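Under UniProt numbering, residues 1 to 472 are what the sequence shown spells out, in order. Just so you know, even glycine gets a beta-carbon here, dropped at the ideal spot from N, CA and C. Predicted model, so just to flag it, every value in this text is computed and none were measured. Here the structure comes first, spelled out in structure tokens, and everything after it is commentary.
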Amino acid sequence: MDPEDKVAAMVEEEEEELEEQMDSLTLERVAAAKKFIEDHYKSHMKDMQERRERRQLLEKMIANSDVSEEEQMNLLIELQRKETEYMRLKRHKISVDDFDLLTIIGRGAFGEVRLCREKISGKIYAMKKLKKSEMVSRGQVEHVRAERNLLAEVASHFIVKLYYSFQDAEYLYLVMEYLPGGDIMTLLIREETLTETVARFYIAQSVLAIESIHKHNYVHRDIKPDNLLLDKNGHMKLSDFGLCKPLNFENLSCMNAKEPMNESELLDANGCLPDKGDGSSWKSPLEQMQHWQMNRRTLAFSTVGTPDYIAPEVLLKKGYGLECDWWSLGAIMYEMLVGYAPFYSDNPITTCRKIVHWRNHLIFPNDVRVSPEARDLIRRLLCDVENRLGSNGAEEIKVHPWFKDIQWDKLYDIDAAYKPEVNGELDTQNFIKYDEVQYCCRIYYCVLALNQWLESMCRFYIIATECQDVLK
């Protein structure tokens, strides 16, 4: 081919790629416009229905009361005045300037969570601030949209409430209720393990929370201790529906269920890592717990997620449904009772491989007391999808013997199994402390190096697997 023809071909290819990108962008804009119109219409109809219900309720109360016609008319006029004021406030385009930004209480791959105070009302909220360019570049737009839709649609005291959502040129903001009790991750860092009584209470509340989103056909996909938040009384609510601390699933999902583990990665009967001869790699269950606790603190400050709670079918890209959340709950239950995650390893790749080969790695250490009922429940959650409890609904889990004393309909009415110390509405002592300025510089290079290492390891793993297939 002549040089001129090559240049012409290259130009033609670039033009085709540009057209494809423009088509994709156009489709995204059309979908966004369609979603906006649908949401606006649904919101308008919902507001009208709620106004009718409020008026009907007031009229019913008036009819059953002994007040004069003049007082009745005044009450209806007052209701109309308040409805008008409410509509006026709703038309106000809310922005970040309507809030005083306070302490940072969380960080993720796309932004941060910060305590804030609404200037007009003085109410305290948690504001999640997400950088739009990062979400677009990492393909997380649909995840965040799903989070916003779920929080807006599901009215449940099992999950955090969404009060406002808005955006500016750079960021998307979700303003949610603030739960000052911290999260289960922080509780586990402090306590190391929980008694079965405390663990049972929070696993039961988690069952109700997961069940509530499953009823709306949402799968969370990121159930982990960090996302189980506690209110001031110690009751748990489910949070973070947008995978805001994601792993690079394109890399980490290059697992092969048929490929055997290396002998150096297998655990012995006591759940110990093997001895290579020099004793350097041997870790007892106690040492594993201590090592896990140390890394847990590091991960708390990292924007890189942990694969410890991800179901094998997710890693293997077999296709997955609601049941993957129940696997995650089983992994959390194991950590609560044993002190570390069931498939913990020093690096994420090995953790993923252990999860895929879970039959060889789900071991209860001999020196850890776990009741037979608890062991049975964990094993029936950390198993194949076909046999996993919850695959046919949460009721399968609720009737398990480990929950025999749980009154499911009163679980949020009784005193919590643990009550956090909370001193005032601005108290953040139950959250990890984050530096305001130095954080980005300190973490950025660590995360960059870790991501590069993960990608190189995954590329090596893929090449090695392909070579084995060719040799076969």
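(request) Give the single residue among Ser65, Leu381 and Leu76 whose Cα lies nearest to the Cα of glutamate 323. (result) On the sequence shown, position 323 is the one that residue 323 refers to. Relative to the Cα of glutamate 323, the nearest Cα in the group Ser65, Leu381 and Leu76 belongs to Leu381.
(message) Alpha carbons only, please: which of Val314, Val370 and Pro372 is nearest the one belonging to isoleucine 355?
(response) As a position in the sequence shown, residue 355 is number 355, starting the count at 1. For the set Val314, Val370 and Pro372, the Cα lying nearest the Cα of isoleucine 355 is the one of Val314.
(request) Can you have a look at glutamate 395 and say buried or exposed, based on whether 16 or more other CB atoms are within 10 angstroms of its CB? (result) Here residue 395 refers to the residue found at position 395 of the sequence shown. In this structure glutamate 395 is exposed. Its beta-carbon is surrounded by fewer than 16 other beta-carbon atoms within 10 angstroms.
(request) Report yes or no: do three or more beta-carbon pairs, one from the stretch 320 to 338 and one from the stretch 204 to 222, lie closer than 8 Å? (result) Under the Cβ criterion (8 Å, minimum of three pairs), the stretch 320 to 338 counts as touching the stretch 204 to 222.
(message) Rounded to whole angstroms, what is the Cα-Cα separation between threonine 350 and lysine 46?
(response) Against the sequence shown, residue 350 aligns to sequence position 350. Against the sequence shown, residue 46 aligns to sequence position 46. Answer to the nearest angstrom: the Cα atoms are 49 Å apart.
(message) Taking the alpha carbon of arginine 221 as the reference point, which residue from Leu101, Ile310, Tyr418 and Asp231 has its own alpha carbon closest?
(response) Locating residue 221 in the sequence shown gives position 221, counting from the first residue. In this structure, Ile310 is the residue among Leu101, Ile310, Tyr418 and Asp231 with its C-alpha nearest to the C-alpha of arginine 221.
(request) Throw me the rounded Cβ distance for the phenylalanine 158 and alanine 209 pair, which I believe falls under 8 Å. (result) For the purposes of this step, residue 158 is identified with residue 158 of the sequence shown, where counting begins at 1. For the purposes of this step, residue 209 is identified with residue 209 of the sequence shown, where counting begins at 1. Yes, they are in contact, since the Cβ atoms of phenylalanine 158 and alanine 209 sit about 4 Å apart, within 8 Å.
(request) Determine, using beta carbons only, whether methionine 194 and proline 420 come nearer to each other than 9 Å. (result) Here residue 194 is taken as the residue at index 194 of the sequence shown, counted from 1. Here residue 420 is taken as the residue at index 420 of the sequence shown, counted from 1. Checking the displayed sequence, the identity of residue 194 turns out to be leucine instead of methionine. Cβ distance not < 9 Å, so leucine 194 and proline 420 don't count as in contact.
(message) Going by DSSP, what residue range makes up the beta strand (DSSP E) through threonine 103?
(response) By 1-based counting over the sequence shown, the position of residue 103 is 103. For threonine 103, the enclosing beta strand (DSSP E) covers residues 99 to 107.
(request) Please report how far the alpha carbon of isoleucine 124 lies from the alpha carbon of glutamate 118, in whole angstroms. (result) By 1-based counting over the sequence shown, the position of residue 124 is 124. By 1-based counting over the sequence shown, the position of residue 118 is 118. Approximately 7 Å between the Cα atoms of the pair.
(request) Sort Ile378, Leu411 and Cys383 by Cα distance to asparagine 401 and report the nearest one. (result) Residue numbering aside, residue 401 sits at position 401 when the sequence shown is read from its first letter. As written in the sequence, residue 401 is proline, which differs from the asparagine given in the question. Check the Cα spacing between proline 401 and each of Ile378, Leu411 and Cys383: the tightest is with Ile378.
(request) Could you tell me the boundaries of the beta strand (DSSP E) in which glycine 111 lies? (result) Taking the first residue of the sequence shown as 1, we reach residue 111 at position 111. Unbroken beta strand (DSSP E) run through glycine 111: 111 to 118.
(message) To the nearest angstrom, how far is the alpha carbon of proline 312 from that of cysteine 352?
(response) Mapped onto the sequence shown, residue 312 falls at position 312. Mapped onto the sequence shown, residue 352 falls at position 352. One Cα belongs to proline 312, the other to cysteine 352, and the distance between them is close to 8 Å.
(message) Does glutamine 167 come out as helix, strand or coil in the three-state DSSP assignment?
(response) If you number the sequence shown from 1, residue 167 lands on position 167. Strand.
(message) Quick check: the Cα distance between isoleucine 432 and isoleucine 105, rounded to an integer number of angstroms?
(response) Along the sequence shown, read from residue 1 onward, the residue named residue 432 stands at position 432. Along the sequence shown, read from residue 1 onward, the residue named residue 105 stands at position 105. Put simply, the backbone Cα of isoleucine 432 is about 7 Å away from that of isoleucine 105.
(request) Find the nearest neighbour of valine 161 within the set Ala126, Tyr171 and Leu130, judged by alpha-carbon distance. (result) Position 161 of the sequence shown, counting from 1, holds the residue named residue 161. Per the sequence shown, residue 161 should be read as lysine rather than valine. Restricting attention to Ala126, Tyr171 and Leu130, the CA atom closest to the CA of lysine 161 is found in Ala126.
(message) If distances are taken between C-alpha atoms only, which option among Tyr418, Leu337, Asn227 and Phe166 comes closest to residue 521?
(response) Missing from the structure shown is residue 521; the chain here goes from 1 to 472 and no further.
(message) Checking 9 Å against the spacing of the C-beta atoms, do glycine 339 and valine 368 come in under that value?
(response) Residue mapping note: residue 339 aligns to position 339 of the sequence shown, counting from 1. Residue mapping note: residue 368 aligns to position 368 of the sequence shown, counting from 1. Contact flag set, yes.
(message) Pop quiz: serine 371 and glutamate 196 are said to be a contact at Cβ under 8 Å. What is the actual Cβ separation, rounded to whole angstroms?
(response) For this step, residue 371 is matched to residue 371 along the sequence shown. For this step, residue 196 is matched to residue 196 along the sequence shown. About 6 Å separates the beta carbons of serine 371 and glutamate 196, which is inside the 8 Å limit, making them a contact pair.
(message) With H, G and I counted as helix, E and B as strand and the rest as coil, what does DSSP make of tyrosine 344?
(response) Here residue 344 corresponds to residue number 344 of the sequence shown, with the count starting at 1. In this structure, tyrosine 344 counts as coil in the three-state DSSP scheme.
(message) The alpha helix (DSSP H) that contains isoleucine 210, what's its start and end?
(response) Mapped onto the sequence shown, residue 210 falls at position 210. Residues 196 to 214.
(message) Which of the three DSSP states is assigned to aspartate 409 in this structure?
(response) For the purposes of this step, residue 409 is taken as residue 409 along the sequence shown, with counting starting at 1. Under the three-state reduction of DSSP output, aspartate 409 falls in the helix class.
(message) What does the alpha-carbon distance come out to for the pair methionine 236 and glutamate 78?
(response) Taking the first residue of the sequence shown as 1, we reach residue 236 at position 236. Taking the first residue of the sequence shown as 1, we reach residue 78 at position 78. Roughly 38 Å between the two C-alpha positions.
(request) Please work out which residues of its chain come closer than 8 Å, Cβ to Cβ, to asparagine 387, disregarding the five sequence neighbours upstream and downstream, and give them in chain order. (result) Here residue 387 refers to the residue found at position 387 of the sequence shown. Once the five neighbours on either side are set aside, the close Cβ partners of asparagine 387 are Arg380.
(message) Let's see if you can read the secondary structure: which residues bound the beta strand (DSSP E) around alanine 126?
(response) Here residue 126 is taken as the residue at index 126 of the sequence shown, counted from 1. Segment 124 to 131, the beta strand (DSSP E) holding alanine 126.
(message) On the CB-based measure, 16 or more other CB atoms within 10 Å of its CB, does alanine 374 come out buried or exposed?
(response) By one-based count along the sequence shown, residue 374 stands at place 374. Under this definition alanine 374 is a buried residue.
(request) Hey, could you find the ends of the beta strand (DSSP E) lysine 93 is sitting in? (result) Here residue 93 refers to the residue found at position 93 of the sequence shown. No beta strand (DSSP E) contains lysine 93, which DSSP labels as neither H nor E.
(request) Taking all protein chains shown into account, decide if methionine 176 is buried (16 or more other Cβ within 10 angstroms of its Cβ) or exposed. (result) In the sequence shown, the residue the question calls residue 176 occupies position 176. By the neighbour-count rule (16 or more Cβ atoms within 10 Å), methionine 176 is buried.
(message) Can you list, in chain order, the residues of its chain with a C-beta nearer than 6 Å to that of tyrosine 202? Leave out the 5 residues immediately preceding and following it.
(response) Taking the first residue of the sequence shown as position 1, residue 202 is located at position 202. Cβ contact annotation for tyrosine 202 (same chain, cutoff 6 Å, sequence separation greater than five): Met236, in chain order.
(message) Spatial neighbours of methionine 185 within its chain, please: C-beta separation below 6 Å, excluding the five flanking residues on both sides.
(response) Counted from its first residue, the sequence shown places residue 185 at position 185. The residues are Pro225 and Asp226.
(message) Please classify leucine 337 as buried or exposed, where buried requires at least 16 other C-beta atoms within 10 Å of its C-beta.
(response) Indexing the sequence shown from 1 puts residue 337 at position 337. Buried, because 16 or more other Cβ atoms sit within 10 Å of the Cβ of leucine 337.
(message) Helix, strand or coil for valine 338? Go by DSSP, reduced to three states.
(response) Taking the first residue of the sequence shown as position 1, residue 338 is located at position 338. Helix at valine 338.
(request) Give the secondary structure of leucine 362 by DSSP, where H, G and I count as helix, E and B as strand, and everything else as coil. (result) Sequence index remark: in the sequence shown, residue 362 carries index 362 (1-based). In this structure, leucine 362 counts as coil in the three-state DSSP scheme.
(message) Taking DSSP's pairing of strands, which residues face isoleucine 159 in a bridge?
(response) Within the sequence shown, the letter at position 159 stands for residue 159. Beta-bridge pairing links isoleucine 159 to Leu238.
(message) Distance check for valine 67 and glutamine 80, CA to CA, integer angstroms please.
(response) Indexing the sequence shown from 1 puts residue 80 at position 80. Indexing the sequence shown from 1 puts residue 67 at position 67. Straight-line measurement puts the Cα of valine 67 at about 19 Å from the Cα of glutamine 80.
(message) Let me check one thing: in DSSP terms, what residues is leucine 172 bridge-paired to?
(response) For the purposes of this step, residue 172 is taken as the residue at position 172 of the sequence shown. When DSSP reads this structure, leucine 172 sits in a beta bridge with Leu130 and Gln167.
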